[in-house]
């Protein structure tokens, strides 16, 4: 009879341990979810709140820089500034000729694009089937021109070579 009681007690202990383990797993899973919901609710992860439309003259202030960026003489459609308070701020200029210029203070990597070897050290080129990006550093800014493959690609290359 005594061995039956011991077996029963062991089963009860194992059952209690399983309950404790399940509660610990639930707590470990629930805490990150609650933190994520809180961070999302305060707007920290919301790109729309981090992106604003600005004037060209406000780019240095948006980038926390005193240097004025050197821009091509193309007509600008819109300028946006992105600052989420976590990564370095960026500004994107959208030109009417369908070229986008991303200004940043650190180099930008383009996943899914292949880096081309260029005969000059003036810029780096990244391409995929539809787009081309030309990136160079000057005056404290990384300039990343993004365009569709074709005539605008040559326009951007000519602009960079003229600097």
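Residue numbers (the working numbering): 2 to 164. Just so you know, even glycine gets a beta-carbon here, dropped at the ideal spot from N, CA and C. Here the structure is a predicted model, which means the values were calculated and not measured.
DSSP places residue 117 inside the beta strand (DSSP E), whose first and last residues are 115–117. Residue pairing by DSSP puts residue 133 in a beta bridge opposite 128 and 148.
As for any beta strand (DSSP E) of minimum length 3 sitting wholly inside the region 20–90, the runs are 52–54 and 77–83, ordered along the chain. Between residue 137 and residue 144, the CB-CB gap stays under 8 Å. Between the region 111–128 and the region 89–103, the count of C-beta pairs closer than 8 Å stays below three; the two stretches do not touch. Residue 164 sits in coil when the DSSP states are folded into three classes, being neither helix nor strand. With a threshold of 16 other beta carbon atoms within 10 Å, residue 64 meets it and is buried. Pairing residue 140 with residue 62 gives a Cβ-Cβ distance that is not under 8 Å.
Nearest to residue 150 by alpha-carbon distance, out of 142, 161, 130 and 162, is 130. Following the DSSP letters along the chain, one finds residue 103 inside the beta strand (DSSP E) bounded by residues 101–105.
In the structure shown, residue 4 adopts helical secondary structure according to DSSP, grouped into three states. Within the DSSP bridge table, the entry for residue 93 names 81 and 103 as partners.
Minimum Cα-Cα distance from residue 53 among the listed residues 92, 34 and 25 corresponds to 92. Residue pairing of residue 139 in beta bridges, as defined by DSSP: 142.
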